[in-house]
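Student:
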Amino acid sequence: MAHAIAFRPSRARKGFSLVELSVVVIIIGVLAAFGVPRLLQSVERSKASESFKFLASVRAAQERYQARQGTYASDLTQLDMEQAPPKYFSVGVAAAGGTGSLEDSWTLTLTRSGSSSGYGAYTVTFTEDGYDALNSTIDPEINPQST
Numbered sequence: 001m002a003h004a005i006a007f008r009p010s011r012a013r014k015g016f017s018l019v020e021l022s023v024v025v026i027i028i029g030v031l032a033a034f035g036v037p038r039l040l041q042s043v044e045r046s047k048a049s050e051s052f053k054f055l056a057s058v059r060a061a062q063e064r065y066q067a068r069q070g071t072y073a074s075d076l077t078q079l080d081m082e083q084a085p086p087k088y089f090s091v092g093v094a095a096a097g098g099t100g101s102l103e104d105s106w107t108l109t110l111t112r113s114g115s116s117s118g119y120g121a122y123t124v125t126f127t128e129d130g131y132d133a134l135n136s137t138i139d140p141e142i143n144p145q146s147t
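Sequential numbering from 1 applies to the sequence shown in the UniProt record's numbering.
1) Which word fits residue 112, buried or exposed, when buried means at least 16 other C-beta atoms lie within 10 angstroms of its C-beta?
2) Flag residue 83 as yes if its beta-carbon sits less than 8 angstroms from any beta-carbon of chain D, otherwise no.
3) Leaving out five residues before and five after residue 57 in sequence, what residues of the same chain have Cβ atoms less than 7 angstroms from its Cβ?
4) Does the beta-carbon distance from residue 75 to residue 107 come in below 8 angstroms?
5) So residue 48 and residue 144 are in contact, right, with Cβ under 8 angstroms, and what is the actual spacing, rounded?
6) How is the alpha helix (DSSP H) around residue 40 delimited, first residue to last?
7) According to the Cβ coordinates, are residue 79 and residue 66 closer than 8 angstroms?
8) With distances taken between CB atoms, is the gap from residue 109 to residue 92 smaller than 8 angstroms?
9) Have a look at residue 115 and residue 88 and give me their C-alpha separation to the nearest angstrom.
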């Protein structure tokens, strides 16, 4: 006597198990924990580089002004600059530098305004000689002048 074996299709598994989903979420979390701080650092470094470009432009304009007038400008509006002030920094007033006279020295400080991705408010200072690391408070991690 032969019995017929009935064919039952097996239930196809649909979707993911809770364990599989949990593993994926953990992996994404670990990647984010390492990736997000690096991304924020990179973004802040690019914003800081904007201040350095602006200050380099100020320095060149100050040198042109000094060659024509015999003194450095005390107001940035006196300079022949086409570059707009940086978006994320407030611009200080050009002041006499280390000698105390605008005839042969100047200093200008930019202060980071708004949120700075955990780096707080920091300053970038330039003088007639270029970047002034001693009077700047920018973190070396985001300083474009650091290597």
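No residue lacks a Cβ here, since even glycine has one placed at the ideal position from N, Cα and C.
Tutor: By the coordinates alone:
1) Position 112 of the sequence shown, counted from the start, is the residue given in the question as residue 112. Counting Cβ neighbours within 10 Å, residue 112 comes out buried, since at least 16 surround it.
2) Annotation note: the requested chain D is absent from the structure, which comprises a single protein chain.
3) Within the sequence shown, residue 57 is the residue found at index 57, counting from 1. The answer, listed in chain order, is 81 and 83.
4) On the sequence shown, position 75 is the one that residue 75 refers to. On the sequence shown, position 107 is the one that residue 107 refers to. Result no, Cβ atoms of residue 75 and residue 107 do not sit closer than 8 angstroms.
5) The residue labelled residue 48 in the question sits at position 48 within the sequence shown. The residue labelled residue 144 in the question sits at position 144 within the sequence shown. Here residue 48 really is in contact with residue 144; their C-beta atoms are around 6 angstroms apart, less than 8 angstroms.
6) On the sequence shown, position 40 is the one that residue 40 refers to. That run of the alpha helix (DSSP H) goes 18-69.
7) Working through the sequence shown from its first residue, we reach residue 79 at position 79. Working through the sequence shown from its first residue, we reach residue 66 at position 66. No, they are not a contact pair.
8) Numbered from 1 along the sequence shown, position 109 holds the residue referred to as residue 109. Numbered from 1 along the sequence shown, position 92 holds the residue referred to as residue 92. Yes, Cβ-Cβ distance for residue 109 and residue 92 is below 8 angstroms.
9) Your numbering for residue 115 matches position 115 in the sequence shown. Your numbering for residue 88 matches position 88 in the sequence shown. Each residue's Cα considered, the two are about 9 angstroms apart.
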